[in-house]
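**Q**
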Amino acid sequence: MNLRPYIEKFARRLAEVEAALASPDAFANQQKGQELTREYSRLKELVGTGNAYLRCAADLAGNRALLAAEPPESELAQMAKDEVARLEVAEQKLARDVQFGLVPPDPTDSRNTIIEIRAGAGGSESALFAADLYRMFTRYAETHGWKIEPMDSSVSELGGFKDVTFGVNGQDVYKRLKYESGVHRVQRVPATEAQGRIHTSTATVAVLPEAEEVDIEIRPEDLDIQVCRAGGHGGQGVNTTDSAVRIVHKPTGTEVRCQDERSQLKNKTKALKVLRSRLLERRLADEKSKYDAQRSSQVGTGERSEKIRTYNFPQNRVTDHRIDLTVYNLANVMEGELDEIIEPLMSHDLQDRLAKLKL
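To get our numbering, take the position in the sequence shown, counting from 1, and add 8.
Structure follows, in structure tokens:
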């Protein structure tokens with residue numbers, strides 16, 4: 009795919025937006041001014057990436073020509089060969105980043121994210137696996153400089169989580185984490201298994217783009233708000249005061265709760281944030297279903313057959329079933345090294361979107 013014409017088109021549009029922002033009345037309309045500012049930021053980064061891609065492609069072509077002209081055993085040929093290998097990887101990544109600019113940007117990609125993990129099939133082992141997934145996502149967030157915001161959790165008897173809800177705040181959080189929605193399946197020997205048999209368990213993960221107040225209007229009369237004493241592990245300020253909050257959105261039956269904070273007001277604020285995000289996710293999914301029969305945000309019932317990914321401990325294997333990708337690096341994946349799975353998922357999604365645009 010020849011990307012040069014698109015990069016030149018981006019550069020022309022960048023100049024137009026830059027000129028518009030330099031106009032004295034650029035912010036006469038505040039909303040339009042903000043839209044221009046966001047477009048300028050996106051285009052500036054995209055043109056920079058595009059120029060880096062063109063330089064990389066030129067360097068790659070030069071080294072390939074040098075490799076073809078030199079005797080294979082010469083030192084210069086070996087240096088060119090090493091450079092070709094390095095530049096091919098760099099060119100592929102830069103090309104993908106430029107191609108992302110060809111598809112209409114998803115307005116939710118830049119948003120903070122709320123993640124809900126629930127134990128599925130498999131009893132106590134599924135709760136332990138839910139805790140492992142929580143740790144995996146928090147470690148992944150740390151590597152990207154994102155901030156974790158605990159919201160609610162329910163601890164199982166043997167440890168682990170029956171369910172846990174937390175926010176992830178940072179740059180391009182939803183853009184990367186949205187591919188984690190679905191049923192995650194684990195195959196391993198549980199600590200409680202005396203005969204060494206491998207068990208299969210699941211946990212469901214829902215990844216919700218954080219909604220803003222302007223996205224979803226929630227009327228006070230549509231809410232049933234209850235306060236109670238928090239349960240589970242926590243300090244005395246959490247467990248001895250009526251600080252936990254439970255909210256039911258009566259029109260949809262959506263229920264959320266938050267007990268992480270000592271302050272009832274803070275828990276209510278967090279619970280409303282989760283509720284608003286769930287309602288936004290529902291609305292986005294309904295809109296998407298008009299054009300796509302399969303909702304990307306659906307996590308299913310948690311049955312083993314619905315898995316999107318399998319974590320097989322005896323074989324040190326992680327398989328993402330959506331793109332038939334297998335890596336034998338399970339220990340590192342569980343430590344939060346998810347990019348080797350998320351990057352191919354992003355590329356696959358990009359190719360689908362480009363195909364729909366006939367590019």
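Backbone N, C-alpha and C define an ideal beta-carbon position, used for all residues, glycine too.
Every value quoted in this text rests on a predicted model; they were computed, and no experiment measured them.
1. If you draw a straight line from the alpha carbon of Gly-310 to that of Thr-212, how long is it in whole angstroms?
2. Under the assumption that Phe-18 contacts Leu-358 (Cβ atoms under 8 angstroms), give the Cβ distance between them as a whole number of angstroms.
3. At what residues does the beta strand (DSSP E) containing Gln-195 begin and finish?
4. With three or more C-beta pairs closer than 8 angstroms as the rule, is the stretch 145-154 touching the stretch 84-103?
5. Please report how far the alpha carbon of Arg-21 lies from the alpha carbon of Val-215, in whole angstroms.
6. Measuring only the C-alpha atoms, how far is Ser-189 from Ala-34?
7. Please classify Leu-287: is it buried, with 16 or more other beta-carbons within 10 angstroms of its beta-carbon, or exposed?
8. At what residues does the beta strand (DSSP E) containing Leu-54 begin and finish?
9. Please report the straight-line C-alpha distance between Leu-11 and Leu-231, rounded to a whole angstrom.
10. Check Thr-210 in the structure and name its three-state DSSP category.
11. If the criterion is Cβ atoms closer than 8 angstroms, does the pair Arg-361 and Val-111 meet it?
12. Just confirm the distance between the C-beta atoms of Asp-328 and Ile-316, as a whole number of angstroms; I'd bet it's less than 8 angstroms.
13. For Val-264, which residues in the same chain have their Cβ closer than 6 angstroms to its Cβ, ignoring the five residues on either side in sequence?
14. From Pro-322 to Arg-196, what distance separates their C-alpha atoms?
15. Less than 8 angstroms between the CB atoms is what I'm expecting for Asn-71 and Glu-91, so what's the real figure, rounded?
16. Indicate whether the contact test is met: 3 or more Cβ pairs, each with one atom in the stretch 116-123 and one in the stretch 175-193, closer than 8 angstroms.
17. By the 10 Å Cβ neighbour count, where 16 or more other Cβ atoms means buried, how is Asn-340 classified, buried or exposed?
18. Please list the terminal residues of the continuous alpha helix (DSSP H) segment that includes Lys-186.
19. For the stretch 132-172, which segments carrying the alpha helix (DSSP H) assignment without a break, of at least 4 residues, lie completely within its bounds, in sequence order?
20. With distances taken Cα to Cα, identify the nearest neighbour of Arg-193 among Val-235, Ser-161, Leu-141, Lys-366.
21. For Pro-373, count the other beta carbons within 10 Å of its own beta carbon; 16 or more makes it buried, fewer makes it exposed. Which is it?
22. For the alpha helix (DSSP H) holding Asp-90, just list the boundary residues, first then last.
23. Report the residue from Ala-66, Glu-47, Ser-162 whose alpha carbon sits nearest the alpha carbon of Pro-113.
24. Going by DSSP, what residue range makes up the beta strand (DSSP E) through Ile-226?
25. Measure how close the beta-carbons of Thr-146 and Val-106 come, nearest whole angstrom, since I'm counting them as under 8 angstroms.
26. Work out the CA separation of Ile-349 and Glu-218 for me, nearest whole Å.
27. With a CB to CB cut of under 6 angstroms and the five nearest residues on each side skipped, what residues in its chain are close to Leu-136?
28. Give every residue of the same chain whose Cβ lies closer than 6 angstroms to the Cβ of Lys-186, excluding the five residues on either side of it in the sequence, and list them in chain order.
29. Return the CA-CA distance between Ile-224 and Gly-128, expressed in angstroms with no decimal places.
30. For Val-111, name the three-state secondary structure that DSSP assigns.
31. Report the rounded CA-to-CA distance for Trp-154 versus Gly-175, giving the unit in angstroms.
32. So if DSSP puts Lys-315 in a beta bridge, which residue, or which two residues, is it bridged to?
33. Which same chain residues end up closer than 8 angstroms to Asn-275 when comparing Cβ atoms and leaving out the 5 residues on each side of it in sequence?
34. What residue does the beta strand (DSSP E) around Asp-347 start on, and which one ends it?
35. Measuring straight from C-alpha to C-alpha, what distance separates Ala-7 and Ile-15?
36. Per DSSP, which residues does Thr-327 bridge with? Please list them.
**A** Taking the geometry as given:
1. In the sequence shown, residue 310 corresponds to position 302, counting from 1. In the sequence shown, residue 212 corresponds to position 204, counting from 1. Per-residue confidence for Gly-310 stands at a pLDDT of 47, beneath the threshold of 50, marking its modelled position as unreliable; no derived number is given.
2. The residue labelled residue 18 in the question sits at position 10 within the sequence shown. The residue labelled residue 358 in the question sits at position 350 within the sequence shown. Actually they do not touch by this definition, with Cβ atoms about 16 angstroms apart.
3. Position 187 of the sequence shown, counted from the first residue, corresponds to residue 195. Per DSSP, Gln-195 belongs to the beta strand (DSSP E) from 190-196.
4. Taking 8 angstroms as the limit for Cβ pairs, the verdict is that the stretch 145-154 does not touch the stretch 84-103.
5. Along the sequence shown, one-based indexing puts residue 21 at 13. Along the sequence shown, one-based indexing puts residue 215 at 207. Distance from the CA atom of Arg-21 to the CA atom of Val-215, rounded to whole angstroms, is 34 angstroms.
6. The residue labelled residue 189 in the question sits at position 181 within the sequence shown. The residue labelled residue 34 in the question sits at position 26 within the sequence shown. So the alpha carbons of these two residues sit roughly 40 angstroms apart.
7. In the sequence shown, residue 287 corresponds to position 279, counting from 1. Classification of Leu-287: buried, given that the 10 Å Cβ count is 16 or more.
8. Taking the first residue of the sequence shown as 1, we reach residue 54 at position 46. No beta strand (DSSP E) contains Leu-54, which is instead part of the alpha helix (DSSP H) from 38-77.
9. Residue mapping note: residue 11 aligns to position 3 of the sequence shown, counting from 1. Residue mapping note: residue 231 aligns to position 223 of the sequence shown, counting from 1. If you take the alpha carbons of Leu-11 and Leu-231, they lie about 51 angstroms apart.
10. Translated into the one-based positions of the sequence shown, residue 210 becomes position 202. The answer is strand: DSSP assigns Thr-210 an E or B state.
11. The count along the sequence shown starts at 1 and reaches residue 361 at position 353. The count along the sequence shown starts at 1 and reaches residue 111 at position 103. Yes.
12. Taking the first residue of the sequence shown as 1, we reach residue 328 at position 320. Taking the first residue of the sequence shown as 1, we reach residue 316 at position 308. About 7 angstroms; that satisfies the 8 angstroms criterion.
13. For this step, residue 264 is matched to residue 256 along the sequence shown. Answer for Val-264: Ile-255, Ala-279, Val-282, Leu-283, listed in chain order.
14. Sequence index remark: in the sequence shown, residue 322 carries index 314 (1-based). Sequence index remark: in the sequence shown, residue 196 carries index 188 (1-based). Distance between the alpha carbons of Pro-322 and Arg-196 is about 6 angstroms.
15. Numbered from 1 along the sequence shown, position 63 holds the residue referred to as residue 71. Numbered from 1 along the sequence shown, position 83 holds the residue referred to as residue 91. Between Asn-71 and Glu-91 the beta-carbon gap is near 5 angstroms, inside 8 angstroms, which marks them as a contact.
16. At 8 angstroms Cβ cutoff, the stretches touch.
17. Against the sequence shown, residue 340 aligns to sequence position 332. Result: exposed.
18. In the sequence shown, counting from the first residue as 1, residue 186 sits at position 178. Lys-186 -> no alpha helix (DSSP H), and no H or E assigned at all.
19. Within the stretch 132-172, the complete alpha helix (DSSP H) segments of 4 residues or longer fall at 132-151, listed in chain order.
20. Sequence index remark: in the sequence shown, residue 193 carries index 185 (1-based). Of the candidates Val-235, Ser-161, Leu-141, Lys-366, the one whose C-alpha sits nearest the C-alpha of Arg-193 is Leu-141.
21. Residue 373 lies beyond the stretch modelled for the chain, which goes from 9 to 367, so this question has no answer here.
22. Within the sequence shown, the letter at position 82 stands for residue 90. That run of the alpha helix (DSSP H) goes 83-108.
23. Indexing the sequence shown from 1 puts residue 113 at position 105. Residue Glu-47 is the option with its Cα nearest to Pro-113.
24. As a working note, residue 226 is residue 218 in the sequence shown. Premise fails: Ile-226 is in no beta strand (DSSP E) and is neither H nor E.
25. To locate residue 146, count along the sequence shown from 1; it is residue 138. To locate residue 106, count along the sequence shown from 1; it is residue 98. Not quite, the Cβ-Cβ distance comes to about 32 angstroms (not below 8 angstroms), so this is no contact.
26. Locating residue 218 in the sequence shown gives position 210, where the first residue counts as 1. Locating residue 349 in the sequence shown gives position 341, where the first residue counts as 1. Answer to the nearest angstrom: the Cα atoms are 23 angstroms apart.
27. In the sequence shown, residue 136 corresponds to position 128, counting from 1. So the qualifying residues of the chain are Gly-168.
28. Within the sequence shown, residue 186 is the residue found at index 178, counting from 1. So the qualifying residues of the chain are Val-215.
29. Numbered from 1 along the sequence shown, position 216 holds the residue referred to as residue 224. Numbered from 1 along the sequence shown, position 120 holds the residue referred to as residue 128. Just so you know, the alpha carbons of Ile-224 and Gly-128 end up roughly 30 angstroms apart.
30. Here residue 111 is taken as the residue at index 103 of the sequence shown, counted from 1. Secondary structure at Val-111: coil, using DSSP grouped into helix, strand and coil.
31. As a working note, residue 154 is residue 146 in the sequence shown. As a working note, residue 175 is residue 167 in the sequence shown. Their backbone Cα atoms lie some 10 angstroms apart in a straight line.
32. One-based indexing of the sequence shown puts residue 315 at position 307. According to DSSP, residue pairing for Lys-315 in a beta bridge involves Val-191.
33. For the purposes of this step, residue 275 is taken as the residue at position 267 of the sequence shown. Result list for Asn-275: Ser-251, Ala-252, Val-253, Cys-266, Gln-267, Asp-268, Glu-269, in chain order.
34. In the sequence shown, the residue the question calls residue 347 occupies position 339. Counting along the chain, Asp-347 falls outside any beta strand (DSSP E), though it belongs to the alpha helix (DSSP H) covering 347-364.
35. With the chain covering 9 to 367 only, the question about residue 7 has no answer from this structure.
36. Numbered from 1 along the sequence shown, position 319 holds the residue referred to as residue 327. Its beta-bridge partners are Thr-318, Thr-334.
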